[in-house]
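Asker: Provided herewith is a single structure, encoded as structure tokens, for subsequent inquiry.
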Amino acid sequence: RDFSSKSPKYLASVQSNTSGLEHTVVAPFKSSAHGSSSDGYRELAAVLYSQNRVGSASGPRRMQVVLPNVEEVTVPEEVSASYFGSNQPFSPTSSAAAHSTRSLESASDIESESDSDDAQPSKRYVTKVYRPKSKTDRMISLLRKGPEAVKNKGQLTFAHNKEPYWLESIQAYSLDFQGRVTQPSNKNFQLELDNVHRSIAMQFGKVVAAAEMFPTAVYTVDVEWPLSPLQAFGICLSSCDRKLAVA
């Protein structure tokens, strides 16, 4: 197994504090600005949980998430064909790396361009590179200050888990997963984007409980734009991590 952060197979990692309340998804990043090359990291997401074990805060889990904004970029056709149309693994250090490859072109645009021999640049959505300049700029530091601090930053998107409702028939909190989640778990959640009304960008939950035949529980995740699979996986890991202050 190759767990080295310098390995080409290394995509990202989740950094957590000892209480299990704070988690940050970080990925390696190479910069060639000003003619010099330097290595560092970028933040892909941060998750902040509220303690719910004691006092008036007890109840279902509450989580806040911050993500970098996405932006529209123009990619040269030769780069688009070689990267987006290949089976090469995702490289977080590539200048052409896009977490989502949703094309902005309509079907009619594609058909009309297919008759032309000239390579036309294509437009893609990519996750903006977010590199904190100080400790106060870190995503988790902004989350500690509240949603307004995240929104005022201008480069980030705030999200939170959908509040579950109390279901009398089962005497427990519940969410409507449209049949995608079938087992109760305190790890189950639906993530709503703050800037999109009633938009569930991600949901995660248990489908198979641990038993003698299945010693490990099985979970499922559904994710849509603007989140990338890498960001979603990191957020899922934060939910599964053991937490001293969260039930």
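Its first residue numbered 5, the sequence shown is counted upward by one per residue in the working numbering.
Just so you know, even glycine gets a beta-carbon here, dropped at the ideal spot from N, CA and C.
The structure presented is a predicted model; accordingly, all values stated were derived computationally and were not measured.
Buried or exposed for PHE193, please, with buried defined as at least 16 other CB atoms from any protein chain shown within 10 angstroms of its CB.
Answerer: Counted from its first residue, the sequence shown places residue 193 at position 189. Classification for PHE193: buried.
Asker: Between which two residues does the beta strand (DSSP E) holding ILE204 run?
Answerer: Position 200 of the sequence shown, counting from 1, holds the residue named residue 204. ILE204 -> beta strand (DSSP E) spans 204-212.
Asker: Please list the terminal residues of the continuous beta strand (DSSP E) segment that includes GLU228.
Answerer: Position 224 of the sequence shown, counting from 1, holds the residue named residue 228. That residue, GLU228, is in no beta strand (DSSP E); it is neither H nor E in DSSP.
Asker: Using 8 Å as the threshold, is the stretch 172-184 in touch with the stretch 137-154, meaning 3 or more CB pairs across them?
Answerer: Taking 8 Å as the limit for Cβ pairs, the verdict is that the stretch 137-154 does not touch the stretch 172-184.
Asker: Tell me, which residues are paired with GLN19 by DSSP?
Answerer: Working through the sequence shown from its first residue, we reach residue 19 at position 15. In the DSSP output, where bridge partners are listed per residue, GLN19 has THR28.
Asker: For the alpha helix (DSSP H) containing PRO233, list its first residue and its last residue.
Answerer: For the purposes of this step, residue 233 is taken as the residue at position 229 of the sequence shown. Note, PRO233: alpha helix (DSSP H), 233-244.
Asker: Roughly how far, in whole angstroms, is the beta-carbon of SER204 from the beta-carbon of LYS166, given that I think they are within contact range, below 8 Å?
Answerer: Position 200 of the sequence shown holds residue 204. Position 162 of the sequence shown holds residue 166. Sequence inspection shows Ile at residue 204; the Ser mentioned does not correspond to that position. Right, their Cβ atoms sit about 7 Å apart.
Asker: Are LYS210 and VAL185 close, meaning C-beta to C-beta below 9 Å?
Answerer: Stepping through the sequence shown from its first residue, residue 210 is reached at position 206. Stepping through the sequence shown from its first residue, residue 185 is reached at position 181. Contact: yes.
Asker: In whole angstroms, what separates the C-alpha of ASP113 from that of VAL227?
Answerer: Position 109 of the sequence shown, counting from 1, holds the residue named residue 113. Position 223 of the sequence shown, counting from 1, holds the residue named residue 227. Only weak support exists for where ASP113 lies, its pLDDT of 42 falling under 50; the value from the coordinates is given anyway. Distance between the alpha carbons of ASP113 and VAL227 is about 28 Å.
Asker: In terms of alpha-carbon separation, which member of GLU47, PRO168, ARG66 lies closest to LYS139?
Answerer: Taking the sequence shown and counting its residues from 1, the one referred to as residue 139 is at position 135. Closest by alpha carbon: GLU47.
Asker: Can you tell me whether THR97 is buried or exposed, with buried defined as 16 or more other CB within 10 angstroms of its CB?
Answerer: Reading the sequence shown from its first residue, position 93 is the one you call residue 97. Unreliable positioning characterises THR97 in this predicted model, as indicated by a pLDDT of 39, which lies under 50. The coordinate reading is nonetheless provided below. Exposed, since its Cβ has fewer than 16 Cβ neighbours within 10 Å.
Asker: Based on the DSSP secondary-structure assignment, which residues constitute the bridge partners of ASN165?
Answerer: Translated into positions along the sequence shown, residue 165 becomes position 161. Beta-bridge pairing links ASN165 to LEU195.
Asker: Exposed or buried, GLY238, counting other C-beta atoms within 10 Å across all chains shown (16 or more means buried)?
Answerer: If you number the sequence shown from 1, residue 238 lands on position 234. Classification of GLY238: buried, given that the 10 Å Cβ count is 16 or more.
Asker: Quick check: what's the CA-CA separation for SER232 versus VAL74?
Answerer: Working through the sequence shown from its first residue, we reach residue 232 at position 228. Working through the sequence shown from its first residue, we reach residue 74 at position 70. Between SER232 and VAL74, the C-alpha separation is close to 10 Å.
Asker: Near ARG106, what residues of its chain come up, given a Cβ to Cβ distance below 7 Å and the 5 sequence neighbours on each side ignored?
Answerer: Taking the sequence shown and counting its residues from 1, the one referred to as residue 106 is at position 102. The predicted position of ARG106 is uncertain, since its pLDDT is 35 and thus under 50; a value taken from the coordinates is nonetheless stated next. Answer for ARG106: TYR129, TRP229, listed in chain order.
Asker: Would DSSP call LYS247 helix, strand or coil?
Answerer: Taking the sequence shown and counting its residues from 1, one reaches residue 247 at position 243. Coil.
Asker: Nearest CA to the CA of GLN182: which residue from ILE174, SER8, SER189, GLN207?
Answerer: Here residue 182 refers to the residue found at position 178 when the sequence shown is read from its first residue. Ranking ILE174, SER8, SER189, GLN207 by Cα distance to GLN182 puts GLN207 first.
Asker: Based on the DSSP output, what are the partners of PHE33 in its beta bridges?
Answerer: Here residue 33 refers to the residue found at position 29 when the sequence shown is read from its first residue. DSSP output for PHE33 lists GLY44 as bridge partner(s).
Asker: By a C-beta neighbour count over all protein chains shown, 10 Å radius and 16 as the cutoff for buried, is SER23 buried or exposed?
Answerer: Residue 23 sits at position 19 when you count from the first residue of the sequence shown. Classification of SER23: exposed, given that the 10 Å Cβ count is below 16.
Asker: Would you call ILE174 buried or exposed, if buried means 16 or more other Cβ atoms sit within 10 Å of its Cβ?
Answerer: Taking the sequence shown and counting its residues from 1, the one referred to as residue 174 is at position 170. With fewer than 16 Cβ atoms within 10 Å of its Cβ, ILE174 is classed as exposed.
Asker: Report the option in MET143, THR28, HIS27, TYR53 whose CA atom is closest to the CA atom of SER62.
Answerer: Taking the first residue of the sequence shown as 1, we reach residue 62 at position 58. Measuring from the Cα of SER62, the nearest candidate turns out to be TYR53.
Asker: Look at the alpha carbon of ARG246 and the alpha carbon of ASN21, and state the distance between them as a whole number of angstroms.
Answerer: Residue 246 sits at position 242 when you count from the first residue of the sequence shown. Residue 21 sits at position 17 when you count from the first residue of the sequence shown. Their Cα atoms are separated by approximately 11 Å.
Asker: Are ASP198 and ALA236 touching if we call contact CB-CB under 9 Å?
Answerer: If you number the sequence shown from 1, residue 198 lands on position 194. If you number the sequence shown from 1, residue 236 lands on position 232. Contact flag unset, no.
Asker: I'd like the list of long-range same chain contacts for ALA16, defined as Cβ closer than 7 Å, with 5 residues on each side in sequence excluded.
Answerer: In the sequence shown, residue 16 corresponds to position 12, counting from 1. Cβ neighbours of ALA16 beyond the five flanking positions: VAL29, VAL30, ALA31, LEU48, PRO96, LEU234, GLY238.
Asker: With 16 other CB atoms within 10 Å as the buried threshold, where does ARG142 fall?
Answerer: The residue you call residue 142 lines up with position 138 of the sequence shown. Answer is buried; the Cβ neighbour count reaches 16.
Asker: What separation, rounded to the nearest whole angstrom, lies between the Cα atoms of SER9 and LEU171?
Answerer: Mapped onto the sequence shown, residue 9 falls at position 5. Mapped onto the sequence shown, residue 171 falls at position 167. Each residue's Cα considered, the two are about 45 Å apart.
Asker: Out of curiosity, what's the CA-to-CA distance linking TYR45 and ALA214?
Answerer: To locate residue 45, count along the sequence shown from 1; it is residue 41. To locate residue 214, count along the sequence shown from 1; it is residue 210. Their Cα atoms are separated by approximately 36 Å.
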